[in-house]
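Engineer: For reference, the structure I am asking about is given below.
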Amino acid sequence: MARVAVLEDADARHVAHFAPRHPERPDRVEAIRAHLAATPGLRELPRLAAEPVDDGDLLLVHDAHHIARVAALCAAGGGHFDADTFATAESDLAARVSAGGAVRAVEAVVTAEFDATFAVVRPPGHHATLSSAMGFCLYNNVAVAVQHARHVLGVGHVAIVDIDVHHGNGSEATFWSDPDVLYASLHQHPFYPGTGAAGDRGGAQANGLTVNVPLPGGTSAEAWLGAFDGAVLPALRAFEPELVVVSCGFDAHRDDPLAELLLDTQTYAAVADRLASLSAPAGGRTAWILEGGYDLDALAASTQAVLEVLVAA
């Protein structure tokens with residue numbers, strides 16, 4: 072049995088990050104928490120607290136202008152960065168806590184406190200770029216956590232596996248030319264944000280370390296897993312990461328209202344099983360960070376499926 076912990080915002084500071092009728096809502100996290108609390112074998116898992124990151128960690132990914140812009144909009148009572156991405160007076164804190172949950176999830180795995188972690192946090196992060204909030208994302212949680220692992224904890228090679236239905240343009244851009252980070256994404260295409268073509272393979276110093284697998288709407292779970300096995304797993308094995316961080320969106324689920332892929336809960340369980348079985352040096356060390364997923368039942372059930380595999384690994 073593996074040692075697995077769940078990261079969460081115990082003080083529910085994310086609840087104040089809310090816009091009426093917006094799909095990225097507090098109910099997402101609360102549905103997962105309630106479901107895990109009612110599930111034998113998972114309700115007993117250790118809970119670790121997510122705490123806000125400071126500017127030092129954010130500056131490893133974002134420029135000072137972006138950080139100041141988020142703070143200023145929130146200080147003014149909130150507003151919109153774009154048509155999809157909102158902020159309230161408390162959103163800067165909520166986003167820092169979300170990024171802090173990702174950092175803590177990575178720390179717990181890197182220090183061997185736990186074998187795997189799952190951060191139940193919001194707002195999501197993988198669309199946020201150096202200088203922009205977009206796609207429901209204010210700060211790039213996974214990128215911040217990866218940079219913390221490298222620059223603070225001394226980890227060398229890190230792989231990001233992005234299974235959200237949307238391409239993580241912010242994460243890709245952050246590590247485009249970085250020879251020590253592999254970014255692999257399976258995503259619906261054409262679809263928001265319009266990036267992630269198969270021919271986009273990384274900058275000159277990191278050619279081949281961006282692995283994009285664009286898939287058309289209607290792709291079945293079987294075809295999606297076949298693409299994962301055919302493109303992502305070989306790249307991971309060749310790269311030999313010391314740590315795998317999963318941008319874990321559940322919006323490729325067949326029941327999700329915002330997308331058109333046809334995954335189910337067992338697809339996510341299969342991904343967890345494959346990643347937990349990676350050979351050394353990663354040795355199955357994975358930190359899972361929540362991204363998208365907007366059907367509450369599918370979101371909760373898929374989280375359960377992943378955690379049950381991680382615990383049994």
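Under the working numbering, the sequence shown has 165 at position 94, and the numbering climbs by one with no breaks.
Just so it is clear, CB atoms sit at the ideal spot from N, CA and C, and this is done for glycine as well.
So, is P123 buried or exposed, given that buried needs 16 or more other C-beta atoms within 10 angstroms?
Structural biologist: To locate residue 123, count along the sequence shown from 1; it is residue 52. When all chains shown are included, P123 counts as buried.
Engineer: Candidates A143, L280, H198, L333: which alpha carbon is nearest A309's?
Structural biologist: Mapped onto the sequence shown, residue 309 falls at position 238. A309 has its Cα closest to that of L280, out of A143, L280, H198, L333.
Engineer: Rounded to whole angstroms, what's the CA-CA distance from A216 to S169? Just pull it up for me.
Structural biologist: Counted from its first residue, the sequence shown places residue 216 at position 145. Counted from its first residue, the sequence shown places residue 169 at position 98. Cα to Cα, the separation comes out at about 10 Å.
Engineer: Mind checking whether V317 and R193 have CB atoms under 8 Å apart?
Structural biologist: Along the sequence shown, one-based indexing puts residue 317 at 246. Along the sequence shown, one-based indexing puts residue 193 at 122. In this structure, R193 does not lie closer than 8 Å to V317 by Cβ.
Engineer: Please report the distance separating the alpha-carbon of G364 from that of A255.
Structural biologist: On the sequence shown, residue 364 is found 293 positions in, with the first residue counted as 1. On the sequence shown, residue 255 is found 184 positions in, with the first residue counted as 1. Going by the C-alpha atoms only, they are around 19 Å apart.
Engineer: Report all residues from its chain with a CB closer than 7 Å to the CB of N278; omit the five preceding and five following residues, and keep chain order.
Structural biologist: The count along the sequence shown starts at 1 and reaches residue 278 at position 207. Excluding positions up to five away in sequence, the list reads R272.
Engineer: My assumption, with CB atoms under 8 Å, is that A275 sits in contact with S248. Please give the rounded CB distance.
Structural biologist: Your numbering for residue 275 matches position 204 in the sequence shown. Your numbering for residue 248 matches position 177 in the sequence shown. Their Cβ separation, rounded to whole angstroms, is 7 Å, which keeps A275 and S248 in contact under 8 Å.
Engineer: Which runs of the beta strand (DSSP E) at least 3 residues long sit entirely within the stretch 152-237? Give them in chain order.
Structural biologist: 157-159, 187-191, 229-233
Engineer: With DSSP as the reference, label R104 as helix, strand or coil.
Structural biologist: In the sequence shown, counting from the first residue as 1, residue 104 sits at position 33. Helix at R104.
Engineer: Can you tell me whether R175 is buried or exposed, with buried defined as 16 or more other CB within 10 angstroms of its CB?
Structural biologist: Taking the sequence shown and counting its residues from 1, the one referred to as residue 175 is at position 104. Its Cβ being crowded by 16 or more others within 10 Å, R175 is buried.
Engineer: So, at 6 Å on beta carbons, what are the nonlocal neighbours of V141 in its own chain, with the 5 sequence-adjacent residues on each side left out?
Structural biologist: Translated into positions along the sequence shown, residue 141 becomes position 70. Here the set comprises D163, L209.
Engineer: Can you tell me which residues form a DSSP beta bridge with Y254?
Structural biologist: Here residue 254 is taken as the residue at index 183 of the sequence shown, counted from 1. Per DSSP, I231, T281.
Engineer: Helix, strand or coil, according to DSSP, for W247 in the structure here?
Structural biologist: Translated into positions along the sequence shown, residue 247 becomes position 176. DSSP places W247 in coil when its eight states are reduced to three.
Engineer: Closer than 8 Å, CB to CB, is A121 near chain D or not?
Structural biologist: Here there is only one protein chain, and chain D is not present.
Engineer: Assuming contact is defined by CB atoms lying nearer than 8 Å, are A165 and A87 in contact in what I supplied?
Structural biologist: Here residue 165 refers to the residue found at position 94 of the sequence shown. Here residue 87 refers to the residue found at position 16 of the sequence shown. Yes, they are a contact pair.
Engineer: Tell me which residue opens and which closes the alpha helix (DSSP H) that S373 is part of.
Structural biologist: The sequence position of residue 373 within the sequence shown is 302, counting from 1. First-last of the alpha helix (DSSP H) with S373: 367-383.
Engineer: Does L296 come out as helix, strand or coil in the three-state DSSP assignment?
Structural biologist: Here residue 296 corresponds to residue number 225 of the sequence shown, with the count starting at 1. L296: helix per DSSP, three-state reduction.
Engineer: What does DSSP give as the partner residues of I360 in its beta bridges?
Structural biologist: By one-based count along the sequence shown, residue 360 stands at place 289. Its beta-bridge partners are A190, S318.
Engineer: Which full runs of the alpha helix (DSSP H) of 4+ residues lie inside the stretch 77-136, going along the chain?
Structural biologist: 97-108, 126-129
Engineer: Can you grab the Cα-Cα spacing for the pair R96 / F89, in whole Å?
Structural biologist: To locate residue 96, count along the sequence shown from 1; it is residue 25. To locate residue 89, count along the sequence shown from 1; it is residue 18. Their Cα atoms are separated by approximately 6 Å.
Engineer: Skipping 5 residues on each side, what residues in its chain have a beta carbon closer than 6 Å to that of T290?
Structural biologist: Translated into the one-based positions of the sequence shown, residue 290 becomes position 219. Taken in chain order, the residues that qualify are L332.
Engineer: Could you check what DSSP says for G149 in three-state terms: helix, strand or coil?
Structural biologist: As a working note, residue 149 is residue 78 in the sequence shown. If DSSP states are grouped into helix, strand and coil, G149 belongs with the strands.
Engineer: Ignore the nearest five residues each way along the sequence and tell me which others in T374's own chain have a CB closer than 6 Å to its CB.
Structural biologist: Indexing the sequence shown from 1 puts residue 374 at position 303. Answer for T374: I103, listed in chain order.
Engineer: For the alpha helix (DSSP H) containing A343, list its first residue and its last residue.
Structural biologist: Position 272 of the sequence shown, counting from 1, holds the residue named residue 343. 336-347 is the extent of the alpha helix (DSSP H) around A343.
Engineer: Tell me the rounded alpha-carbon separation between S348 and R167.
Structural biologist: Mapped onto the sequence shown, residue 348 falls at position 277. Mapped onto the sequence shown, residue 167 falls at position 96. Each residue's alpha carbon lies about 32 Å from the other.
Engineer: Are the beta-carbon atoms belonging to T245 and L296 less than 8 Å from one another?
Structural biologist: Position 174 of the sequence shown, counted from the start, is the residue given in the question as residue 245. Position 225 of the sequence shown, counted from the start, is the residue given in the question as residue 296. No, Cβ-Cβ distance for T245 and L296 is not below 8 Å.
Engineer: Is it buried or exposed, G225, if we count other Cβ atoms within 10 angstroms and call 16 or more buried?
Structural biologist: As a working mapping, residue 225 is identified with position 154 in the sequence shown. G225 is exposed by the Cβ-count criterion.
Engineer: Mapping the DSSP letters down to three states, classify S350 as helix, strand or coil.
Structural biologist: The residue given as residue 350 occupies position 279 in the sequence shown. The answer is coil: DSSP assigns S350 none of H, G, I, E or B.
Engineer: If you follow the alpha helix (DSSP H) that R308 is in, where does it begin and where does it stop?
Structural biologist: The sequence position of residue 308 within the sequence shown is 237, counting from 1. Residues 304-310.
Engineer: Among the candidates R118, D80, S203, whose CA atom is the shortest distance from the CA of L144?
Structural biologist: By 1-based counting over the sequence shown, the position of residue 144 is 73. Nearest C-alpha to L144: S203.
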